[in-house]
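As you go down the protein sequences, you meet chains L and F in turn. The first sequence begins at 1 in our numbering and counts up one residue at a time. The second sequence begins at 242 in our numbering and counts up one residue at a time. All remarks here apply to the structure that follows.
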Amino acid sequence: MLRALVPVEVLEGETVPQGVVDLLGGADVVVLGYHVIPEQTTPEQARLSFEERATAKLDEIAAAFADAGGAVDTRLVFTHDEAQTFDRVADEDGFDIVVHLNPAMTDDDLLVALHGSVAAERIGSVVGTLVGDSETNVHLLEVAGPDADTLNLLDRAESALLDTGIDPGRLTTDRVETETPIRTISEAAQDVDAVVMGERAPNWQELVFGDFEERVAEASLGAVLVVRPEAAVEDEADDDA
Amino acid sequence: MASGHPDAEGTNREGERPEPTGGTVEAEATVDETSGVELERTLSLSGALSIGIGTMIGAGIFVFPGLAAGRAGPAAALSFAIGAVVALLVALPASELATAMPRSGGGYYFISRGLGSLAGTVVGISLWLGLVFASAFYLVGFGSYAAGVMAELGLSLGFDPVIAFGVVFGVFLTALSMTGTENAAKLQNGVVGLLLVILTVFLSYGGLDAVGVFGGQRAAESFAPFGTMPVFTTAALVFTSYLGFAQVATVAGEIKQPGRNLPLAMVGSVVIVGVLYVVTIFVATSAFTSDQLSGFGETAMVEVARSLIGPVGAVAILVAGLLATVSSANASILSSSRALFAISRDALFPKRAGVVNLRYGTPHVALLLAGVPVVVLVASGAVEVLAEVASFLHLVMYGLICVALIALRRDEPDWYDPSFRVPGYPVVPILGAAASFALIGFMQFLSQVVGVALMVAAAGWYYYYARDVTLKGEL
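As structure tokens, then:
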């Protein structure tokens, strides 16, 4: 089963839109309630003041996922640095998808934006497993830079996606060349409910929500789902061995 | 709840109990888990070093040189060196305890677990108030630099602006921390980096000049013109310049990989500032006689820079002094509020003091309990007494940290498993305790009276409020 991590800024009134709940219906979901505290405060101090309220909110969210028929777990973190927290949790538990929430979303249309050195097959198979037998339509979009012709992301993702057995009629593909990938993806995202992106190879940018994903998320209306590379899962297995 | 570790017991006057902590912490931990809730550790080594250095550097370099040279002559360099040795003798045992118990509250936490809740209450309250005194002292220093800037610009307010600037900035810093300013830590890191650059350039040039490379004139003076005794009383006075490593321990609960980073940050910050201080005094006393330096007062380094480098140097040191004293004061107010949180968590103080408000996410009560007395004390303007009382209250804690280490080592609880063990045990902690208590003996009478009175009051508070709370040996 796919494992999805859904960070929720739980004390800031953030909620999980029904569309995300439905989309992740078949996945093993961990709702990560987090609260970012200023440096004047210790995490322990914040816990003593806010734990009850945060737990109550988290339980509500978990109940929504459970109603949709998914397996759901919750975790609660108090942190000074949410990026560090997301990375740690995502690595610890070998998640396939990390979800960046945005306020509004249904689950009719999914844009899969392929850009840069991402694992296209992995993205294709994760998305295929995710949407499964649902009604969700998938738009594969290769966003190529001037020098990215050889990666052939689109074909690789498409064949991986079709291998999971989803109806080809739900699939559209497109390829654009651009020098401003963030703007292109964000514009394409206006017309869909959620965006799927691949986590880029961890060279200079190791964050789950790096600058790139963050900026797409800011410009989009729906959720941004980041597909994590498979290597992270294997590393995890090695660590456990 | 940690398996096998008894939790602290008893209730205070209001029926509050100590909060359980999460048991032992791994040396490489980047997160703690307390009753299922994860508490992220986000401070890196450089962040921790910046807290230590940032707290210390404001006083030792930008406030004390004139005062110290006026008391001890060029031998003030030796006073600073003595301070560094005492600080190291305590920083090593404190590092061991910090790796065994990397929790908010630092010295207070070690002592309450090693020696029990009476000593814990006295030290916890002393730490809170010691940081309040220290912060007030840094703000008076800030006022001196702000006044220096006014003088440099040829502005006159018709009254002595030192206290006024200090008070205004005390209020400002308290309000700023209550509203939960973002990026203050990043700013602090930047400030500390900038200060280290300015000082390294300035001290390298000044140091070369002082040994005659540029053929400058040395101020001819014997090493210890006022005798040996002032060297020690000055060491007691300037010890305020070494309080910052304990601040590192107060944020121990937020430091990543505490087993490695805590000892490095505590010992490293003392070594770095100790070297800078000694060189600073050497440069200062080479440029001017101790009489002249004493006459310059808190901003003596500005005149030293002016004579060595000219007006540019004077401006650079003025700016550096403003930044350094503010960063010291700010770091101390934050640590003070953490000390209050630590004692309120353990029910030695009303829990209300540690409450966090949802709007800003800051512990407003604790910050007010730190900030308000700071402002009142700044208004007193008594630089030397403020500095000495701050040192007094810290030195008591330092001495007791060493005693607590010995007590824990003699009868190690199951959970006691520090990843750093102090070299030279038991000599180092014994020397550390003896040196800490001895240094108190060299202070002014007034400072000793104020210090003792505060500690007696803290003990009275314990018997009134929290005598049923037991913390000894609990984790």
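We put the beta carbon where it would ideally sit given N, CA and C, even for glycine. Since the model is a prediction, treat every value here as computed from it, not as a measurement.
Taking only the alpha-carbon atoms, compute the straight-line gap between PHE467 of chain F and ALA392 of chain F and give it to the nearest angstrom.
Between the C-alpha atoms of PHE467 of chain F and ALA392 of chain F there is a straight-line separation of about 32 Å.
What are the start and end residues of the beta strand (DSSP E) that includes PHE78 of chain L?
71 to 79
Minimum C-alpha distance to GLY701 of chain F - residue among F:ALA476, F:SER576, F:ARG501 and F:LEU359
F:LEU359
Is there at least one Cβ from chain F nearer than 8 Å to PHE78 of chain L's Cβ?
So yes, PHE78 of chain L belongs to the interface.
Report the neighbours of ARG88 of chain L on chain F: residues whose CB is nearer than 8 Å to its CB, in chain order.
THR271, VAL272 and GLU281
Pick helix, strand or coil for ARG344 of chain F, following the three-state DSSP scheme.
Under the three-state reduction of DSSP output, ARG344 of chain F falls in the coil class, being neither helix nor strand.
Alpha-carbon to alpha-carbon, GLY407 of chain F and PHE400 of chain F:
14 Å
Note down, in chain order, each residue of its chain lying with its Cβ closer than 7 Å to the Cβ of GLU12 of chain L, except the 5 sequence neighbours on either side.
Around GLU12 of chain L, the same chain offers no residue with a beta carbon nearer than 7 Å, after the five sequence neighbours per side are excluded.
Neighbouring residues, chain L, relative to THR603 of chain F (Cβ below 8 Å):
PRO38, GLN40 and THR41
Sequence-distant residues of the same chain with beta carbon closer than 7 Å to ALA580 of chain F, five excluded per side
Answer for ALA580 of chain F: GLY346, TYR349, GLY365, LEU368, TRP369, LEU372 and THR491, listed in chain order.
Rounded separation between THR566 of chain F and GLN429 of chain F - CA only
11 Å
Quick one: what does DSSP say THR566 of chain F is sitting in, helix, strand or coil?
helix
For a test of the three-state rule: what should DSSP assign to GLY714 of chain F, helix, strand or coil?
Collapsing the DSSP output to three states places GLY714 of chain F in coil.
Tell me the rounded alpha-carbon separation between ALA555 of chain F and VAL545 of chain F.
If you take the alpha carbons of ALA555 of chain F and VAL545 of chain F, they lie about 8 Å apart.
Does the beta carbon of LEU11 of chain L sit closer than 8 Å to a beta carbon anywhere in chain F?
yes
Write down the C-beta distance between VAL224 of chain L and HIS100 of chain L rounded to the nearest angstrom, noting that I regard them as a contact closer than 8 Å.
4 Å
Checking contacts by CB at 8 Å: is ASP81 of chain L closer than that to chain F?
For ASP81 of chain L, at least one C-beta of chain F is nearer than 8 Å to its own C-beta.
Quick one: does PHE582 of chain F have its CB under 8 Å from some CB of chain L?
yes
Whole-angstrom distance between SER573 of chain F and GLY33 of chain L, CA atom to CA atom
32 Å
Are any of the Cβ atoms in chain F nearer than 8 Å to that of LEU58 of chain L?
no
Alpha carbon to alpha carbon, how far is THR530 of chain F from TYR705 of chain F? Give it in angstroms, no decimals.
53 Å
Where PRO259 of chain F falls: helix, strand or coil (DSSP)
PRO259 of chain F carries a coil assignment under DSSP once its states are collapsed to helix, strand and coil.
Span of the alpha helix (DSSP H) around LEU221 of chain L:
In this chain, LEU221 of chain L is not harboured by any alpha helix (DSSP H), its DSSP state being neither H nor E.
Tell me whether ILE439 of chain F sits in a helix, a strand or coil according to DSSP, three-state version.
The answer is helix: DSSP assigns ILE439 of chain F an H, G or I state.
Cβ neighbours of SER585 of chain F in the same chain (closer than 7 Å, five flanking residues each side left out):
PRO591, LYS592, ALA594 and GLY595
Hey, THR265 of chain F and LEU716 of chain F are a contact pair by Cβ (cut 8 Å); roughly how many whole angstroms apart?
7 Å
Could you list which residues in chain F have their beta carbon closer than 9 Å to that of THR85 of chain L, in chain order?
VAL272, GLU279, GLU281 and THR283
Measure the alpha-carbon distance for PRO449 of chain F versus SER287 of chain F and round it to whole angstroms.
The identity of residue 449 of chain F in the sequence shown is Leu, whereas the question assumes Pro. Here the alpha carbon of LEU449 of chain F sits roughly 29 Å from the alpha carbon of SER287 of chain F.
Could you check how far apart the C-beta atoms of LEU619 of chain F and GLY411 of chain F are, in whole angstroms? I think they sit under 8 Å.
Inspection of the sequence shows that residue 619 of chain F is occupied by Val rather than by Leu. Right, the Cβ-Cβ distance comes to about 5 Å (below 8 Å), so this counts as a contact.
Bridge partners of LEU110 of chain L, per DSSP?
Partner(s): L:VAL138 and L:ALA194.
What residue range does the alpha helix (DSSP H) around LEU23 of chain L cover?
18 to 23
State the start and end residues of the unbroken alpha helix (DSSP H) segment that holds THR265 of chain F.
Run containing THR265 of chain F: none; DSSP gives neither H nor E here.
Given a cut-off of 8 Å, decide if ALA561 of chain F and ILE200 of chain F are closer than it, judged by their beta-carbon atoms.
Coverage of chain F is limited to positions 242 through 716, which leaves residue 200 of chain F absent and any answer about it impossible.
Strictly under 8 Å for the Cβ-Cβ distance: is GLN18 of chain L near chain F by that measure?
no
Below 8 Å on the Cβ atoms is my contact criterion, and I expect SER385 of chain F with VAL363 of chain F to pass it. Report the Cβ-Cβ distance as a whole number of Å.
Their Cβ separation, rounded to whole angstroms, is 32 Å, which puts SER385 of chain F and VAL363 of chain F out of contact at 8 Å.
Given a threshold of 16 other Cβ atoms within 10 Å of its Cβ, counted over all protein chains shown, does ASN571 of chain F qualify as buried or as exposed?
Buried: at least 16 other Cβ atoms inside 10 Å.
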